[in-house]
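Keeping their order, the protein sequence lines are chains A and B. For the first sequence, the residue numbers in full-length UniProt numbering are 1 to 309. For the second sequence, the residue numbers in full-length UniProt numbering are 1 to 309.
There are 2 protein chains.
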Amino acid sequence: MSEFSLIAQHFSRHQATNDIAISVGDDCAVVDVPVGHQLVICTDTMVANRHYPSDTPAHAIGHKAVAVNLSDLSAMGATPHSITLALSLPSYDEAWVADFADGLYAICDRYGVKLIGGDTTYAPTTAISVTAVGYIPKHQAITRHGAMVDDVICVSGHIGSASFALSQILQNQPSQLRDKLDYPEPQVALGQALRGYAHSMIDISDGLGQDLGHILAASGVGARLDLDKIPCHTLLEHLPFAQKYQHIINGGDDYQLCFTMNKEKFDQFQANFPHFSIHAIGEIVADGGVQLFEHGQAVAFDIKGFEHF
Amino acid sequence: MSEFSLIAQHFSRHQATNDIAISVGDDCAVVDVPVGHQLVICTDTMVANRHYPSDTPAHAIGHKAVAVNLSDLSAMGATPHSITLALSLPSYDEAWVADFADGLYAICDRYGVKLIGGDTTYAPTTAISVTAVGYIPKHQAITRHGAMVDDVICVSGHIGSASFALSQILQNQPSQLRDKLDYPEPQVALGQALRGYAHSMIDISDGLGQDLGHILAASGVGARLDLDKIPCHTLLEHLPFAQKYQHIINGGDDYQLCFTMNKEKFDQFQANFPHFSIHAIGEIVADGGVQLFEHGQAVAFDIKGFEHF
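Right, here's the structure in full:
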């Protein structure tokens, strides 16, 4: 199987359109960027056994490789447009590649995203790097460095589900929350809706504690987090404290958004966008890193997210 | 070593500028695209022992990972702007990463290209995926599908040098042409100069025969190639026929440009851009794939480029 036949057979579903002059099949893709917008771009890699369990279906891997990048675009408030794919495989398994492609195109099609280029190559371990391209109206990107004292800290949904699922899988137990790990849903619509509301935003990929820490470091502020206000699945609610917050604070892979905005904007947003569920879990303070509280009492907990090496 | 310290230490040299609102250090980079231009984007991956010999210095690997992508941009006639880097490593070796970063930034700086994002992760084998972003004035991209009958087929310089060097290295011989393999130079200025001249273009990464074949297939035409007109290094000139053309026709990694233009434009280009060395090596014919000639005599040779699997 040559690289070219593989691409032609599995990865050429999206051809040129109005705003994609050249798609898969040339040295590069050529794309129109809408007037008045900036280009938003990110790259994220998944390696077998490192970023997903070895028994993960190819369809889910294709989904997740796109989802984690759309999540990064969403964390800037950007509108996703297209992706490139760098796919490294230890061998050519047609059924695997077809299933992977189905998962990849399913999420792309759901968000109107086109696969416009990339390459496939041999490597001893399966690895997938996706680069995602999106757009944002000029100067409206929501960064990590805009958090302000007294901002409400919010998250977009259940935290800790993916980490809990992974812990069950690693113990060879079935998990009711397996889909949360395998098929994370990027918060694309919410990210865009938060333009003009949120002061700062990040997606939760490496753990709420560590990811919120990036906002704090970039913004030069601290945070007070109310653990009891962080939404989680009922399966996590009655776990022992250390175990529960290991998943909620230090677990990764939820791909929910964490963002800050002032109290007025928070109320306005809830009034204007009642269909989005957003949850206030604390507030930005002047300094002191992340201080944790449970029912108003300060609690100690060691924040330590995903380590890449 | 966390991913974040590694990026902060080694990959944060390019901060925000006039046209890069957000560089390394947020969920995404945010970039201005010049008015009247289209975005050009490509992704290319290098895997250790597959795309470079195991003894390749980290500095050269950093260079080459960027060079192969700038070469793809050049093959569209695009102006390179920025890159993202997906770096997978089996362990954190500070000296290796520093050397790799030096090689990567050296070629970036030479072409005014900024590293604006990406990720680093653990993987059993070293692998590097770079995505390159460039711009082109609207509707001026030079594609693979524009070749026309009677076009002159051209290349931009010596062909076969990298393949010859690789064959020496694999036989544990020193190679005078090692730099051609380790430090390929993308034809950035020539690619842009060919806007408005070339009907079709590709870069030679997998072998002249196979890469020209992509132009022919996309354009629905054939080619007559004069082997004796293909420029090569003196070290290749007196090799036995089969060996010589194995490097020149089937060898890869030269990253020269192969392009076609009509005879008038070819003469005009040489008059207007005398400082570029371009070489006519054949012509586009109606059909028949690639027909090879040597001193006017048809010769048989099996065209077979780099197989990715």
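In this text, a Cβ means the ideal position worked out from N, Cα and C, and glycines have one as well. Quick caveat: nothing in here was measured; it's all calculated off a predicted structure.
Test item: CB-CB of residue i and residue j under 7 Å
i      : j      : result
B/T45  : A/T131 : no
B/I278 : B/A147 : no
A/D182 : A/A60  : yes
A/A101 : A/H14  : no
A/I117 : A/V40  : One point to set straight first is that residue 117 of chain A is Gly, not Ile, in the sequence displayed. Contact: no.
B/A75  : B/I204 : no
A/D119 : A/A65  : no
A/A162 : A/S175 : no
A/Q38  : A/K138 : yes
A/T43  : B/A123 : no
A/V133 : A/H81  : yes
B/A223 : B/I153 : yes
A/T121 : A/S88  : yes
A/A58  : A/I107 : no
Nearest candidate by alpha-carbon position, reference residue i, set the options
i                      : options                        : result
A/D55                  : A/F164, A/W96, A/D32, A/E294   : A/W96
residue 313 of chain B : B/C232, B/S156, B/S161         : The structure shown does not extend to residue 313 of chain B, since chain B spans only 1 to 309, so no value can be given for it.
A/Q140                 : B/I22, B/F273, B/F4            : B/I22
A/K114                 : A/Y105, A/Y122, A/M201         : A/Y105
B/A280                 : B/D228, B/Q210, B/Q173         : B/D228
A/L194                 : A/A218, A/L39, A/F273          : A/F273
A/D32                  : A/I41, A/V40, A/Q38, A/D19     : A/D19
A/Y255                 : A/K244, A/Q297, A/K180         : A/K180
B/P79                  : B/V47, B/G112, B/H63, B/I107   : Sequence inspection shows Thr at residue 79 of chain B; the Pro mentioned does not correspond to that position. Answer by Cα proximity: B/G112.
A/H295                 : A/L225, A/N262, A/K304         : A/L225
B/H158                 : B/C42, B/T125, B/L236, B/C28   : B/L236
A/G36                  : A/I215, A/K263, A/Y135, A/L239 : A/Y135
A/V47                  : B/D93, B/I128, B/I153, B/R50   : B/I128
B/D287                 : B/A218, B/E264, B/L89, B/H199  : B/A218
B/V149                 : B/H199, B/D93, B/G160          : B/H199
A/L6                   : A/A298, A/Q291, A/A98          : A/A98
Distance between residue j and residue i (C-alpha atoms, nearest Å)
i                      : j      : result
B/D109                 : B/G220 : 39 Å
A/D267                 : A/N69  : 29 Å
B/G77                  : B/P34  : 16 Å
A/D26                  : A/A271 : 48 Å
B/G282                 : B/D302 : 18 Å
A/Y52                  : B/F276 : 49 Å
A/A300                 : B/G103 : 45 Å
B/D253                 : B/R144 : 19 Å
B/A8                   : B/L170 : 37 Å
A/D197                 : A/I230 : Note on residue identity: the sequence assigns Tyr, not Asp, to residue 197 of chain A. Approximately 21 Å between the Cα atoms of the pair.
A/C258                 : A/L208 : 8 Å
A/H233                 : A/F293 : 20 Å
A/G289                 : B/L177 : 55 Å
residue 326 of chain A : B/H238 : As shown, chain A starts at 1 and ends at 309. That puts residue 326 of chain A outside it, with no answer to give.
A/F241                 : A/C28  : 51 Å
A/H214                 : B/F4   : 10 Å
B/F269                 : B/N262 : 11 Å
A/Q212                 : A/D206 : Per the sequence presented here, residue 212 of chain A reads as Leu, with Gln not at that position. Straight-line Cα distance between these residues: approximately 10 Å.
B/L73                  : A/V30  : 10 Å
A/Q210                 : B/S2   : 11 Å
Below-7 Å beta-carbon distance, residue i vs any chain B residue
i                      : result
residue 318 of chain A : Since the displayed chain A opens at 1 and closes at 309, residue 318 of chain A lies outside it and no answer follows.
A/V97                  : no
A/A60                  : no
A/M261                 : no
A/V33                  : yes
A/V30                  : yes
A/P124                 : yes
A/L38                  : Note on residue identity: the sequence assigns Gln, not Leu, to residue 38 of chain A. Chain B, which has a Cβ nearer than 7 Å to the Cβ of A/Q38, makes this yes.
A/V47                  : yes
A/A127                 : yes
A/R50                  : yes
A/T84                  : yes
residue 386 of chain A : With chain A represented from 1 up to 309, any question about residue 386 of chain A goes unanswered, as that position is not in the structure.
A/D44                  : yes
Cβ of residue i within 7 Å of any chain A Cβ
i      : result
B/I41  : yes
B/M148 : no
B/D151 : no
B/T121 : yes
B/G289 : no
B/R144 : yes
B/T17  : no
Fill in: Three or more C-beta pairs below 8 Å linking the region 240-248 of chain B and the region 181-191 of chain B
no
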